[in-house]
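Peer 1: Quick one: the structure is below, questions incoming.
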Amino acid sequence: MRQIVPSVYDRSNGLKKILSFLFVGFLIFQIKVTAQPVLLKPLTTGSTNFTTSDGRLYYTSGDSLFTSDGTIAGTTFVKKTGEPFIRISNVALGGNAYFLTLTGSSQSLWKTNGTPGGTTKLLTFKSIVPLVAYGGEL
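Numbering (this note's numbering), first residue to last: 1030 to 1167.
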């Protein structure tokens, strides 16, 4: 009866498989370790209306608008409107996000580019529903 003895090639192939397995395991471990969420800044209690627009996160707290680009330095206060927020729309046009506030018994439409100077009230009506974009305009 003939005994089968593994060749040097078979051993190196087996070693390649073991090294490949260890390397893939290391990569998976690295991905799991580095894929953990990171707290950028504590949120103000009562923060709501979390919406993304043109790669930025917008959210509100009370009558204040905040934005984030996903970095600590890029998570900033934008503007205090002096009016309670109804919602931030998912409509984005020309690099601007749009949101609604309550003005007495009416609603106001605002736009923002994420800066205090670029956040302005556009108009006020009894009701602004629905907010849609068509042909590059609201």
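Note that CB positions come from ideal geometry on N, CA and C, so glycine has one too.
If distances are taken between C-alpha atoms only, which option among W1139, T1100, L1152 comes closest to V1067?
Peer 2: If you number the sequence shown from 1, residue 1067 lands on position 38. Cα-wise, what sits closest to V1067 is T1100.
Peer 1: Mapping the DSSP letters down to three states, classify L1069 as helix, strand or coil.
Peer 2: Locating residue 1069 in the sequence shown gives position 40, where the first residue counts as 1. Coil at L1069, not helix or strand.
Peer 1: Please classify K1155: does DSSP put it in a helix, a strand, or coil?
Peer 2: By 1-based counting over the sequence shown, the position of residue 1155 is 126. It is coil, neither helix nor strand.
Peer 1: Quick check on this structure: which residue in L1122, A1126, L1131 has the alpha carbon closest to the alpha carbon of Y1087?
Peer 2: Indexing the sequence shown from 1 puts residue 1087 at position 58. Per the Cα distances, A1126.
Peer 1: Looking at S1135: is its Cβ nearer than 8 Å to the Cβ of K1109?
Peer 2: On the sequence shown, residue 1135 is found 106 positions in, with the first residue counted as 1. On the sequence shown, residue 1109 is found 80 positions in, with the first residue counted as 1. No, the Cβ-Cβ distance between S1135 and K1109 is not below 8 Å.
Peer 1: Where do the N-terminal and C-terminal ends of the beta strand (DSSP E) with T1130 fall, by residue?
Peer 2: Along the sequence shown, one-based indexing puts residue 1130 at 101. First-last of the beta strand (DSSP E) with T1130: 1125-1132.
Peer 1: Kindly indicate the opening and closing residues of the beta strand (DSSP E) around T1077.
Peer 2: In the sequence shown, counting from the first residue as 1, residue 1077 sits at position 48. Here the beta strand (DSSP E) through T1077 covers 1077-1082.
Peer 1: Of the choices G1091, T1104, E1166, whose alpha-carbon is the least far from that of P1071?
Peer 2: For the purposes of this step, residue 1071 is taken as residue 42 along the sequence shown, with counting starting at 1. Ranking the options by Cα distance to P1071, first place goes to T1104.
Peer 1: T1153: which of G1147, K1140, G1165, P1145 sits nearest, CA to CA?
Peer 2: As a working mapping, residue 1153 is identified with position 124 in the sequence shown. Ranking G1147, K1140, G1165, P1145 by Cα distance to T1153 puts K1140 first.
Peer 1: Compare the Cα-Cα distances from T1096 to each of T1077, G1111, E1112 and report the closest residue.
Peer 2: Locating residue 1096 in the sequence shown gives position 67, where the first residue counts as 1. Of the listed residues, the one whose Cα sits closest to T1096 is T1077.
Peer 1: Can you give the Cα-Cα distance for V1161 and L1131, rounded to whole angstroms?
Peer 2: Your numbering for residue 1161 matches position 132 in the sequence shown. Your numbering for residue 1131 matches position 102 in the sequence shown. Approximately 19 Å, taken between the alpha carbons.
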